[in-house]
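In order, the protein sequences belong to chains A and B. Numbered per my numbering, the first sequence finishes at 119, counting up by one with no gaps. Numbered per my numbering, the second sequence finishes at 116, counting up by one with no gaps. C-beta atoms are modelled at their ideal positions from N, C-alpha and C, and glycine is treated no differently.
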Amino acid sequence: AQKVTQAQTEISVVEKEDVTLDCVYETRDTTYYLFWYKQPPSGELVFLIRRNSFDEQNEISGRYSWNFQKSTSSFNFTITASQVVDSAVYFCALSEAGTGNQFYFGTGTSLTVIP
Amino acid sequence: EPEVTQTPSHQVTQMGQEVILRCVPISNHLYFYWYRQILGQKVEFLVSFYNNEISEKSEIFDDQFSVERPDGSNFTLKIRSTKLEDSAMYFCASSERQGSPLHFGNGTRLTVT
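Take a look at the structure:
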């Protein structure tokens, strides 16, 4: 079974629109970590954020915000006022404390921001 | 800021040849990984390495693959006899400790002809 599900394969938005990328995870561990990575067209994988399972506080960093909800096993990522430079593939990932730092990646959501 | 470095950035090889992909992880990191990504597809886990041994490997990581950390700084992935389907971007990553984020290198694009 998929441990991390990103149901949205591709999303297109017009510049300045807000967009939310969904991530649903599955784990039986009580201690785990969630991550988002960005892969721009140049191909590198860039770390964006890490949350641990004990910290459900939402986080905002500029135009980016993350909504972690344990009740729904979701860790969604919202970009406010999207820009063309936000066009990329975004990956959600899970790491469980009980599996020796093994990371599980979702299949990614390709975001296109249209000018 | 320290980073993971990978060489070469692009490797072209003929089917059946051996290739070695090289990585220098961040120096104080303890966990090391190889992932691959076939063009436009998902990031696939190959192998993780901790305390000088493989800690996990995927089904993709068969007998044709091996990893080494020969000198305390380099971390290499060897493919003994490449196949066409091994063509992909190979990413090395390292992590400082459990729960820390993975830091990825820029990848090596392997093309098998």
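Integer Cβ distance of residue i from residue j, believed to fall under 8 Å
i: Arg54 of chain A; j: Phe72 of chain A; result: Going by Cβ atoms, the distance from Arg54 of chain A to Phe72 of chain A rounds to 11 Å, so no, they are not a contact pair.
i: Thr116 of chain A; j: Ser75 of chain A; result: Actually they are not in contact, since the Cβ atoms of Thr116 of chain A and Ser75 of chain A sit about 31 Å apart, beyond 8 Å.
i: Phe107 of chain B; j: Phe94 of chain B; result: 5 Å
i: Gly47 of chain A; j: Gly43 of chain B; result: Incorrect: roughly 11 Å between the Cβ atoms, too far for contact.
i: Arg72 of chain B; j: Phe52 of chain B; result: 7 Å
Close-in-space but distant-in-sequence residues of the same chain around residue i (CB under 6 Å, 5 per side omitted)
i: Val93 of chain A; result: Gln43, Gly112 and Ser114
i: Thr10 of chain B; result: Arg25
i: Pro5 of chain B; result: Ile29
DSSP beta-bridge partners of residue i
i: Arg25 of chain B; result: B:Thr10 and B:Thr79
i: Ala97 of chain A; result: A:Phe39 and A:Phe109
i: Ser77 of chain A; result: Answer is none; Ser77 of chain A lacks a bridge partner.
i: Glu56 of chain B; result: B:Tyr53
i: Asn71 of chain A; result: A:Asn80
i: Thr24 of chain A; result: A:Thr82
Boundaries (first-last residue) of the beta strand (DSSP E) holding residue i
i: Leu113 of chain B; result: Thr111 to Val115
i: Val88 of chain A; result: Looking at the DSSP string, Val88 of chain A is not in any beta strand (DSSP E), and its letter there is neither H nor E.
i: Val46 of chain B; result: Neither: Val46 of chain B is in no beta strand (DSSP E) and is coded neither H nor E.
i: Leu105 of chain B; result: Here Leu105 of chain B belongs to no beta strand (DSSP E), and DSSP marks it neither H nor E.
i: Ile63 of chain B; result: From DSSP, Ile63 of chain B is part of no beta strand (DSSP E); its letter is neither H nor E.
i: Phe94 of chain B; result: Ala91 to Ser98
i: Phe51 of chain A; result: Val50 to Asn56
i: Ser197 of chain A; result: The structure shown does not extend to residue 197 of chain A, since chain A spans only 5 to 119, so no value can be given for it.
Candidates the options, of which the one nearest residue i by Cα
i: Ser99 of chain A; options: A:Gln10, A:Glu14, A:Tyr36 and A:Lys20; result: A:Tyr36
i: Gly104 of chain A; options: B:His106, B:Ser98 and B:Phe107; result: B:Ser98
i: Tyr34 of chain B; options: B:Met92, B:Ile57, B:Gly19 and B:Gln40; result: B:Ile57
i: Cys27 of chain A; options: A:Glu48, A:Thr34, A:Thr82 and A:Gln106; result: A:Thr82
i: Ser16 of chain A; options: A:Gln10, A:Leu25 and A:Thr9; result: A:Leu25
i: Ile118 of chain A; options: A:Gln61, A:Gln10, A:Glu19 and A:Arg32; result: A:Glu19
i: Arg100 of chain B; options: B:Gln17, B:Gln14 and B:Tyr36; result: B:Tyr36
i: Leu80 of chain B; options: B:Ser69, B:Asp89, B:Val27 and B:Lys86; result: B:Ser69
i: Thr116 of chain B; options: B:Glu21, B:Cys95 and B:Ser12; result: B:Glu21
i: Trp40 of chain A; options: A:Asn62, A:Cys96, A:Glu14 and A:Ser69; result: A:Cys96
i: Val88 of chain A; options: A:Pro45, A:Phe51 and A:Phe58; result: A:Pro45
i: Ile82 of chain B; options: B:His32, B:Leu113, B:Gly102 and B:Val7; result: B:Leu113
Own chain residues within Cβ distance below 7 Å of residue i, not counting five before or after
i: Ile41 of chain B; result: Ala91
i: Ile63 of chain B; result: Glu47 and Leu49
i: Tyr29 of chain A; result: Lys7, Val8, Leu38, Ser77, Phe79 and Leu98
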